[in-house]
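Only one structure is covered here, and it is reproduced in the block below.
Protein chains: 2
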Amino acid sequence: LNKSATPDIQARLDNLTKPRGSLGRLEDLALRLTLISMAAGRGNLPQADPARIYTCAADHGVAARGVSKFPQEVTRQMVFNFLNGGAAVNVFTRSSDVELRVVDVGVKGADFADTPGLLNRKIAQGTADISAGPAMSLQECISAVELGISLAEQAANEGIRVVGTGEMGIANTTAATALYCAYLDLPPETITGPGTGLNEQEIRHKAGVVGRALQTNHVELPPADPMRTLAALGGLEIACLSGLILGCARRKLAVVIDGFISTAAYVAAWKIHPSVGDYAFFAHGSAEPGHSVILHHLRVRPILDLGMRLGEGTGVALAIPILRAAAAMYNNMASFADAGVSGSDDSA
Amino acid sequence: LNKSATPDIQARLDNLTKPRGSLGRLEDLALRLTLISMAAGRGNLPQADPARIYTCAADHGVAARGVSKFPQEVTRQMVFNFLNGGAAVNVFTRSSDVELRVVDVGVKGADFADTPGLLNRKIAQGTADISAGPAMSLQECISAVELGISLAEQAANEGIRVVGTGEMGIANTTAATALYCAYLDLPPETITGPGTGLNEQEIRHKAGVVGRALQTNHVELPPADPMRTLAALGGLEIACLSGLILGCARRKLAVVIDGFISTAAYVAAWKIHPSVGDYAFFAHGSAEPGHSVILHHLRVRPILDLGMRLGEGTGVALAIPILRAAAAMYNNMASFADAGVSGSDDSA
């Protein structure tokens with residue numbers, strides 16, 4: 010991201026009718042959204058609309074290892090819930106006026122019937138159990154990443170200005186935890202958490218499953234190619250989100266990363282192409298305890314911190330109104346000169 | 010607030026298609042909004058719309074003591090900016106679909122020309138210098154509080170469901186700091202901060218001004234009646250907001266408190282009538298350093314933490330979409346039974 014316009018953008022921010030810096034994080038958001046618009050050749054004003062969340066769903070073989078409070082069929086049931094408009098992400102996207110697309114990347118069972126907002130793009134019937142071998146073949150993983158890139162391409166072509174990540178997949182905190190451990194060289198115990206609500210003993214069991222996944226797949230871990238690590242430990246929906254994030258960077262679109270699992274997709278994308286960091290915004294700090302460790306590691310601060318741990322893109326749907334307000338501030342606030350307001354004694 | 014329905018509300022929250030507790034703070038917000046609806050006899054569902062912010066403006070005699078980076082005339086200039094739609098609170102309320110009312114409670118100079126959204130309710134030509142005597146007479150303070158109560162009455166009668174506080178008044182962080190020190194028995198140094206952007210030496214000077222205000226007005230401080238303390242150290246806009254908060258509690262309306270100055274108005278209201286706590290939501294943690302001390306003292310957590318320190322109601326305008334999402338979650342999400350989604354193994 011070319012940052013040479015930063016002083017000009019900062020000067021405009023400082024000329025708006027408010028004490029300098031008094032809008033805090035919103036000023037940072039407006040600055041980066043403006044740099045993104047400029048990099049994309051979309052003018053020199055920030056844009057946060059229209060916004061669209063892709064909620065990508067897939068199953069995980071590791072669900073058979075007892076790492077979630079919910080049975081595997083809930084992935085499929087929740088996709089039906091998304092298509093019927095009854096899930097949290099539906100309610101929040103309607104409340105925030107954000108578009109929602111649901112993508113079947115690898116939900117077990119037959120394809121879903123055609124429904125508005127649904128993309129049937131099943132690559133496989135879920136992944137294999139990562140504690141016994143690789144989650145998927147390298148080719149399946151590349152297909153999922155390419156699918157995600159194509160979604161970003163489509164969004165850009167349709168005029169979308171902010172893309173959000175969302176996911177559904179029973180047991181996918183286990184896959185995300187394994188990816189964090191592999192990419193960031195962290196021991197499972199520091200990142201493994203309750204997910205949908207495990208107790209302490211169940212968390213220890215889950216950390217053991219992650220440990221076995223790392224051991225079993227050790228030849229696929231860094232310094233191996235990051236795509237091979239993603240294939241070995243990830244999920245089809247996670248790989249698709251990694252591709253979505255890569256595609257947003259390629260097309261110079263702002264991308265808002267949801268919670269614990271989406272951030273694992275981000276880390277994979279970042280390992281593949283570090284420039285994704287320029288386009289990424291982190292929606293919220295998850296209540297899943299490992300998330301704060303990871304965000305600290307990445308040196309990023311989330312926009313919201315509401316103790317949520319649901320996924321689906323729910324955090325993104327709540328963060329987008331903040332991005333929208335940041336853009337509106339930059340685009341629509343009066344300057345001191347326009348409004349005839351006296352400046353501070355520093356600016357005299 | 011009658012909390013007897015809490016178990017029923019919690020049971021409904023736990024039946025929505027998400028892991029228990031996974032929407033974190035939004036579940037707490039939905040619970041309290043529901044209790045408020047029930048207390049008001051408005052049914053048993055939470056309501057966050059329509060929402061309206063009252064941005065109350067007044068001048069402060071203590072501005073003459075060099076406690077702000079901006080000259081006093083900026084209060085009046087900013088009211089013109091509000092009326093022309095160019096200030097941050099205008100932009101954010103438009104972005105969030107929140108109504109805005111601007112109230113002249115005591116801006117120096119002539120009344121403003123009639124403008125949609127403006128309430129001309131000037132009680133005095135600003136306050137007197139609190140470092141030399143009381144800010145206002147007890148009767149002026151009572152009039153300002155009664156004005157605020159009447160605004161809440163009007164909002165309730167017009168069907169408003171969420172009220173927000175906002176303010177404008179050069180030097181009002183000094184008045185707010187003095188109120189905190191008096192009501193919560195804190196030394197000026199622990200609460201006095203940069204406001205619009207003072208440097209360290211200027212902050213020490215401002216703390217000295219607060220100290221003189223406390224000394225000069227010592228007979229009006231606790232254990233004196235809290236209304237007398239408000240008259241001695243407060244501001245016309247602050248007293249009006251205290252009344253607004255009291256009026257919301259009387260009419261059982263949710264009230265969202267903005268930042269550092271609005272929270273001082275809340276503390277005054279709370280000292281007058283502690284039940285206001287049941288109806289109050291804290292929009293955001295201000296970057297003004299004393300605010301986190303005060304919120305900790307009050308044992309409340311703000312909804313947002315975006316490093317903002319602008320006032321006007323800007324934090325409220327950003328927090329209301331979160332309240333709206335919380336209400337929508339409770340009102341519109343599918344239950345496990347409705348959606349045919351399997352429960353967790355705990356709920357079997």
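Line by line, the protein sequences are chains A and B.
All letters in the first sequence, in the order written, are residues 10 to 357 by this note's numbering.
All letters in the second sequence, in the order written, are residues 10 to 357 by this note's numbering.
Quick reminder that beta carbons are idealized off the backbone N, C-alpha and C, glycines included.
{"Item": "Residues near Ala48 of chain A by beta carbon distance below 7 Å, same chain, minus five either side", "Value": "Leu10, Asn11, Lys261"}
{"Item": "Buried versus exposed, by CB contacts within 10 Å (16 or more), Gln210 of chain A", "Value": "exposed"}
{"Item": "When B:Leu25, B:Val302, B:Gly75 are compared against Ser140 of chain B, the one with the closest alpha-carbon", "Value": "B:Gly75"}
{"Item": "Span separating the alpha-carbon of Ala20 of chain A from that of Val325 of chain A", "Value": "29 Å"}
{"Item": "Candidates A:Leu127, A:Pro125, A:Gly118, A:Thr124: closest to Thr136 of chain A by CA position", "Value": "A:Gly118"}
{"Item": "Residues near Ala357 of chain A by beta carbon distance below 8 Å, same chain, minus five either side", "Value": "Caution is warranted here: a pLDDT of 45 is assigned to Ala357 of chain A, below 50, making its placement in the model unreliable, and the coordinate value is therefore given only provisionally. Closer than 8 Å at Cβ, skipping near neighbours: no residue."}
{"Item": "Three-way DSSP call (helix, strand, coil) for His293 of chain A in this model", "Value": "strand"}
{"Item": "Segment limits, beta strand (DSSP E) that includes Gly175 of chain A", "Value": "171-177"}
{"Item": "Amino acids of chain B, ordered along the chain, whose beta-carbon sits closer than 8 Å to that of Phe101 of chain A", "Value": "Ala334, Ala337, Met338"}
{"Item": "Cβ of Met177 of chain A within 8 Å of any chain B Cβ", "Value": "no"}
{"Item": "N-terminal and C-terminal residue of the alpha helix (DSSP H) that Thr84 of chain B is part of", "Value": "82-93"}
{"Item": "Reduced DSSP category for Ala357 of chain B - H, G, I as helix; E, B as strand; rest coil", "Value": "In this predicted model, Ala357 of chain B has a pLDDT of only 45, less than 50, meaning its place in the structure is not dependable; the value taken from the coordinates is given anyway. Here Ala357 of chain B sits in coil by DSSP."}
{"Item": "Counterpart residues of Tyr63 of chain A in DSSP-defined beta bridges", "Value": "A:Arg110, A:Thr174"}
{"Item": "Cβ of Asp368 of chain B within 8 Å of any chain A Cβ", "Value": "There is no way to answer for residue 368 of chain B, as the model of chain B reaches only from 10 to 357."}
{"Item": "Contacting positions in the segment 29-45 of chain B - beta carbon closer than 7 Å to chain D", "Value": "The structure shown contains no chain D; its protein chains are A and B."}
{"Item": "Contacts that Leu327 of chain A makes with chain B (C-beta to C-beta distance below 9 Å)", "Value": "Leu35, Pro330, Ile331, Ala334"}
{"Item": "Ala133 of chain A versus Leu239 of chain A - alpha carbon distance", "Value": "15 Å"}
{"Item": "Opening and closing residue of the beta strand (DSSP E) in which Leu250 of chain A lies", "Value": "Run containing Leu250 of chain A: none in the beta strand (DSSP E); it sits in the alpha helix (DSSP H), 245-260."}
{"Item": "Selected residue, minimal CA-CA separation from Leu327 of chain B, among B:Thr199, B:Pro311, B:Asn208", "Value": "B:Pro311"}
{"Item": "Residue burial classification, Glu321 of chain A (beta-carbon count within 10 angstroms, cutoff 16)", "Value": "buried"}
{"Item": "4-residue-minimum alpha helix (DSSP H) runs that sit fully inside the segment 301-350 of chain A, ordered along the chain", "Value": "323-341, 345-348"}
{"Item": "Through-space distance from Ala241 of chain A to Thr225 of chain A, alpha-carbon basis", "Value": "9 Å"}
{"Item": "Limits of the unbroken alpha helix (DSSP H) element including Leu242 of chain A", "Value": "235-242"}
{"Item": "CB contact below 8 Å: Ala263 of chain A versus chain B", "Value": "no"}
{"Item": "Closer than 7 Å at the beta carbon, the chain B residues around Lys27 of chain A", "Value": "Ala97, Leu319"}
{"Item": "Chain A within 8 Å of Asp347 of chain B, Cβ atoms only", "Value": "yes"}
{"Item": "Chain-ordered residues of the segment 296-316 of chain B with a beta carbon less than 8 Å from chain A", "Value": "Ala296, Ile312, Leu313, Asp314, Leu315, Gly316"}
{"Item": "Closer than 7 Å at the beta carbon, the chain A residues around Asp354 of chain B", "Value": "Lys78"}
{"Item": "Segment contact, 8 Å Cβ cut-off, at least three pairs: the segment 211-220 of chain B with the segment 141-156 of chain B", "Value": "no"}
{"Item": "Within chain B, partners of Asn24 of chain A - CB distance below 7 Å", "Value": "Those do not exist, as Asn24 of chain A stays about 12 Å from chain B at its closest Cβ, beyond 7 Å."}
{"Item": "Those runs of the alpha helix (DSSP H) which lie wholly inside the segment 10-46 of chain A and span at least 4 residues", "Value": "15-24"}
{"Item": "Chain-order list of residues whose beta-carbon lies under 8 Å from that of Pro196 of chain A (same chain, five-residue window excluded)", "Value": "Cys190"}
{"Item": "CA nearest to the CA of Met317 of chain A, picked from B:Leu35, B:Ala14, B:Asn24, B:Asp23", "Value": "B:Leu35"}
{"Item": "Minimum C-alpha distance to Val194 of chain B - residue among B:Pro232, B:Val98, B:Ile329, B:Glu155", "Value": "Before going further, note that residue 194 of chain B is Asp rather than Val in the sequence given. Residue B:Pro232 is the option with its Cα nearest to Asp194 of chain B."}
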